[in-house]
Amino acid sequence: MIEAISLAKSFGTVHAVTDVSFAAEDGRITALLGDNGAGKTTTIRMLAGILRPARGEVRIDGQSDFRQRKNLGILSDAKGLYERLSSRENMVYYASLMGIPKDEIDRNITSAIQLLEMEDIIDRRTKGFSTGQKMKVLLGRLLSFRPKNLLLDEPTAGLDVMATRRFRSVLRNLKDAGHCVVFSTHVMQEVEQLSDSVIIMHDGRSLVQDTVANLYLRTGCTAMEEAFVHIIGGNPLLPIVKGTRDIGESHHD
Amino acid sequence: MINFIRIIFRHELRDFLRDRSTLKTMFVILGFMPILFSRIIGDVENRVKDVREKDKRVGYIQRESESISEIIPFLRQQGIQMVPVTQLDRATFVDNKLDALLAERKKTVLDSPDNFSKSFDLWTSGSNEKQLAGVHYIQNLIASYGQSLGRRHLILRGVSPELMEPLHVEVKSIDEDKSSGFAVLDLLVSLLGMGIFFSTLHLAVDTTAGERERQTLESMFYTAAPRTAFVLSKWLLITLLVFLSGWMVGTIFWMLGEFSIFQTLLSRTTTFPYRELLRGLLIFFPLCPMIAAMQIMIGSLSTSVKQAQAFNGVSSLLSLPLSFLMFVDDIKALNWAPIFGQGLAFRRILHGEEFDLAALLGAEALTLTLAVLMGGFVIRRFNEEKMIYAS
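In order, the protein sequence lines correspond to chains A and B.
Numbers 1 to 253, taken from this note's numbering, label the letters of the first sequence in order.
Numbers 1001 to 1391, taken from this note's numbering, label the letters of the second sequence in order.
Here it is, written out as structure tokens:
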């Protein structure tokens, strides 16, 4: 489980994140939906522990100690790979730095190869890989140590249709296996198809967290794009549907 | 921590060994510099040899003087080719490929009336060092012939020839035949300095600014390995490679002077004992972590690979003092300074002179202090948020 509690972060005079709160539960896919500059990447970097929040707290499985990184796998917007290493070597190196024993790494990589269908590229050096192939290796790198929680920053950016579909399938598999998956995106279609819970971010703030269906009900919209525009436009939301919850300084009454 | 350092070090080493551009850069430096330096020494040696041994061509205007005829057999005996010419001008020099032209100076009323005294002018057509050295060689030959004539005249008059030379000086050397002059030893100091300062430039930039630019560094920071482990691994690898580069460049330089095939190719005949190189490496060893820390520090401070390469290139100029030690040999304070201290001590050892051990140890301590300070700065830098988003 990943929890963000009143996170804030500034870079000089730029207030990248002013107030972000949400909770992403295990066995669910949670989407961070926001326009460009909404603070998604900064939020993910704070969740990942690479940026220190100016205010607020991050909890992974109820703990705020970032030394327990084995439980957290991060795919940030820095999607570089060691080009002189093969896909397998990239995965082994990363998992080794997570402190995973070698035999466990081998097992995880074997299952990652099957899940991601990367038999043809597993022993090839990653130099010259397409965006889709790189994404497979990056995901494989995360699966090589099987973290309970996954944080993905715009994971489908640059992927073609087939690669995106395969990627979504992998995320659903992870969700079914009980993993907590959080991903950021600005693609409305992706949120509709993939997420169990949506956090709408705008101007460094989290405005609302709910399911897609409930957001439609509460905004009176029939598409995610309309609902998103409705919410970030400051329009009032209908009351919370029973069984769901809201967060932060939301715009509902 | 130790386990993480081991894993990262192995990864860095493997990545380095597969990095062809870095390897090429290193091997060009390691191979080219000793060859270049050997060639320089070979040229210097050839120049001296040419001045001494190359057949000299000396023109003379016979019709004007009978005295010259008396010198010609002696000069021919010394291997000088004597070429009769008709006049003294530049064309005569060029056409006959003359090194010098000998002409008797006409006596004036102010000259000595002594019939045994003759004056000659030895003309040359150029003013470069090689030509002048050749002319001086001929001048010395004629002067020595004149001295032997003088001795003969004194003997004929019943005077001891030793009166003519009350003081006699002869240059001798206690050096072994193989240990050559100052040039090769000074070049060894300079070469070692350049080897350790230049060879790892590309690697240090690639492993810091390069990793950041390729976006591989950030993903490593998401692992459980402490960032300090990344710094220490990179620092350790570059330190070892700096030392290895020094050893390789010195060994290649030694080999080029040691084996006949290279001696023939590069015209280099002088060398130095291998133990002197090992001594130099021992003295220079504390410089290795300092250079590695400095190069990594520049890489971590730079916002791009290009910037890091430029700054690291400038920082390599710190090796220059090792090429100009002969000019600062007398400045005692420099014996305590990093780079200068090691260089001056090594130079004195190579030349068989006494060196200030306390000053050398002081320089080594200062060097290691600088290394630790710069290394500490890099660790601090790696733990800053700016390390990720400054680029």
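Backbone N, C-alpha and C fix where the C-beta goes; we use that ideal spot for every residue, glycine too.
Is the separation between the beta-carbon of residue i and that of residue j shorter than 9 Å?
| i | j | result |
| --- | --- | --- |
| A:I199 | A:F228 | no |
| B:P1338 | B:L1317 | no |
| B:I1331 | B:L1232 | no |
| B:T1264 | B:V1184 | no |
| A:F183 | A:L152 | yes |
| A:V17 | A:R205 | yes |
| B:L1344 | B:L1334 | yes |
| B:Q1342 | B:A1363 | yes |
| A:E3 | A:V58 | yes |
| B:E1165 | B:Q1139 | no |
| B:V1083 | B:Y1060 | yes |
| B:R1047 | B:A1133 | yes |
| B:M1026 | B:H1202 | yes |
| A:I55 | A:L85 | According to the sequence displayed, residue 55 of chain A carries Arg and not Ile. No. |
| B:A1204 | A:G99 | no |
| A:G178 | A:D26 | yes |
Going along chain A, which residues have a C-beta under 7 Å from residue i?
| i | result |
| --- | --- |
| B:S1323 | Here the premise fails: no neighbours, minimum Cβ distance about 35 Å. |
| B:I1388 | I50 |
Name the chain B residues that come within less than 9 Å of residue i, Cβ to Cβ?
| i | result |
| --- | --- |
| A:S21 | The premise fails here: A:S21 is roughly 22 Å from chain B at the closest Cβ pair, so nothing lies under 9 Å. |
| A:K70 | A1224 |
Quick one: Cα of residue i to Cα of residue j, how far?
| i | j | result |
| --- | --- | --- |
| A:F145 | B:I1040 | 57 Å |
| B:W1247 | B:L1278 | 8 Å |
| B:L1236 | B:F1009 | 8 Å |
| A:L97 | A:R88 | 14 Å |
| B:S1180 | A:V92 | Low local confidence applies: a pLDDT of 47 at B:S1180 is under 50, so the model's placement there is unreliable, with the coordinate-based value given in what follows. So the two alpha carbons sit approximately 54 Å from each other. |
| B:F1324 | B:V1189 | 10 Å |
| A:A78 | B:V1314 | 30 Å |
| A:M149 | B:R1212 | Here residue 149 of chain A turns out to be Asn, not Met, going by the sequence shown. Using only the alpha carbons, I get a separation of about 25 Å. |
| A:A23 | B:F1221 | 24 Å |
| B:L1301 | A:N90 | 26 Å |
| B:R1214 | B:T1303 | 12 Å |
| B:K1178 | B:M1001 | Bear in mind that a pLDDT of 43 at B:K1178, under 50, signals an unreliable position, so the model cannot answer this. |
| B:L1287 | B:H1011 | 25 Å |
| B:S1021 | B:D1206 | 10 Å |
| A:G128 | A:E83 | 8 Å |
Could you tell me whether the Cβ of residue i comes closer than 9 Å to any Cβ of chain B?
| i | result |
| --- | --- |
| A:S96 | yes |
| A:S184 | no |
| A:S87 | no |
| A:S76 | yes |
| A:E83 | yes |
| A:R141 | yes |
| A:R146 | no |
| A:R59 | no |
| A:R45 | yes |
For the putative contact between residue i and residue j, defined by C-beta atoms under 8 Å, what is the C-beta separation to the nearest angstrom?
| i | j | result |
| --- | --- | --- |
| B:G1210 | B:V1305 | 5 Å |
| B:L1370 | B:M1290 | 5 Å |
| A:R52 | A:S76 | So it is not a contact: roughly 16 Å between Cβ atoms. |
| B:F1346 | B:I1283 | 5 Å |
| A:A163 | A:L143 | With a Cβ gap of about 16 Å, A:A163 and A:L143 do not count as contacting. |
| B:S1125 | B:R1090 | 6 Å |
| B:R1057 | B:L1102 | Rounded, the Cβ-Cβ distance is 11 Å, inconsistent with contact. |
| A:E154 | A:T185 | 6 Å |
| B:M1033 | B:L1217 | So it is not a contact: roughly 32 Å between Cβ atoms. |
| B:T1208 | B:G1299 | 3 Å |
Comparing the C-beta of residue i with each C-beta of chain A, is any distance below 9 Å?
| i | result |
| --- | --- |
| B:F1221 | yes |
| B:D1019 | yes |
| B:Q1307 | no |
| B:R1381 | no |
| B:F1027 | no |
| B:F1004 | yes |
| B:D1356 | no |
| B:E1211 | yes |
| B:R1347 | no |
Under 8 Å between beta-carbons, which chain B residues line up against residue i? List them in chain order, please.
| i | result |
| --- | --- |
| A:R52 | E1385 |
Using the beta-carbon of each residue, which ones in chain B are nearer than 7 Å to residue i?
| i | result |
| --- | --- |
| A:A254 | Nothing about residue 254 of chain A can be read from this structure; chain A reaches only from 1 to 253. |
| A:Y93 | H1011 |
| A:G220 | Correct list: empty, because the minimum Cβ distance to chain B is about 40 Å. |
| A:G80 | R1214, Q1215, T1216 and S1219 |
Applying a beta-carbon distance threshold of less than 8 Å, which residues of chain A neighbour residue i?
| i | result |
| --- | --- |
| B:I1007 | Y93, S96 and L97 |
| B:I996 | No information on residue 996 of chain B is available, as it lies outside the stretch 1001 to 1391 that chain B covers here. |
| B:D1015 | Y82, R84 and L85 |
Can residue i be considered in contact with the ligand MG, in the sense that its beta carbon sits closer than 8 Å to one or more heavy atoms?
| i | result |
| --- | --- |
| B:M1001 | Among the components modelled here there is no ligand, and therefore nothing to report on the ligand MG. |
Under 9 Å, Cβ to Cβ, is there at least one residue of chain C near residue i?
| i | result |
| --- | --- |
| A:A4 | Among the protein chains in the structure shown, which are A and B, there is no chain C. |
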